[in-house]
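Worksheet: the structure to be examined is printed underneath.
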Amino acid sequence: MRIPTAIQRYVDFTNSQDWAALAATFSAKAVVHDEGAVHTGRTEIAMWARASIQKYDMEIQPQSLREGATNSVLTAMVTGNFPGSPAELSFQFQLKGDEIASLKIG
810 MRIPTAIQRY
820 VDFTNSQDWA
830 ALAATFSAKA
840 VVHDEGAVHT
850 GRTEIAMWAR
860 ASIQKYDMEI
870 QPQSLREGAT
880 NSVLTAMVTG
890 NFPGSPAELS
900 FQFQLKGDEI
910 ASLKIG
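When we follow the numbering used here, the leftmost residue of the sequence shown carries the number 810, and every step to the right adds one.
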């Protein structure tokens with residue numbers, strides 16, 4: 810499976826727990842929707858990434874990728890320190906060049 814560069818970096822930096830590098834994969838005005846909250850801009854996304862990585866100690870194992878005209882949906886098995894682990898989650902990405910413009914996790 811060929812995964813776009815920005816999405817692969819998101820997976821790699823999540824798995825290596827490098828929250829600063831993870832936040833840098835997003836565009837300056839990017840938006841993340843996760844657990845009912847919205848995080849806008851690199852600063853908020855960096856804070857979200859750091860808190861999520863520290864809280865959940867998670868690892869993402871890509872299972873499939875569906876690319877559409879405006880977004881890409883990565884289905885992955887996610888393991889970590891949370892109830893129901895491992896869990897299959899969908900990551901809906903909108904990309905802008907080599908950056909993530911939007912991410913919805915669910």
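Note that the Cβ used here is the ideal one computed from N, Cα and C, for glycine as well.
Asked                                                                                                                                                               : Found
Please check the pair I812 and P871, which I expect to be a contact at CB under 8 Å, by giving their CB distance rounded to whole angstroms.                        : 6 Å
What's the gap between the Cα of L898 and the Cα of T852?                                                                                                           : 25 Å
Closest to V841 by CA distance: which of A858, S825, T879 is it?                                                                                                    : A858
Could I get the ranges of all uninterrupted beta strand (DSSP E) runs contained in the region 814 to 892, with 3 residues as the minimum, in chain order?           : 835 to 843, 846 to 849, 868 to 876, 881 to 888
Return the CA-CA distance between G915 and V820, expressed in angstroms with no decimal places.                                                                     : 15 Å
Indicate whether T823 and I869 have their beta-carbon atoms separated by less than 8 Å.                                                                             : yes
Could you compute how far the alpha carbon of V882 sits from the alpha carbon of Q863?                                                                              : 25 Å
Is the beta carbon of T834 closer than 8 Å to that of A815?                                                                                                         : yes
So Q903 and T884 are supposed to be a Cβ contact under 8 Å. How far apart are they, rounded?                                                                        : Contact flag wrong, Cβ pair sits at about 16 Å.
Have a look at L912 and P895 and give me their C-alpha separation to the nearest angstrom.                                                                          : 21 Å
Which residues in the same chain as R875 place their Cβ atom closer than 6 Å to its Cβ, once the five residues preceding and following it in sequence are excluded? : V882
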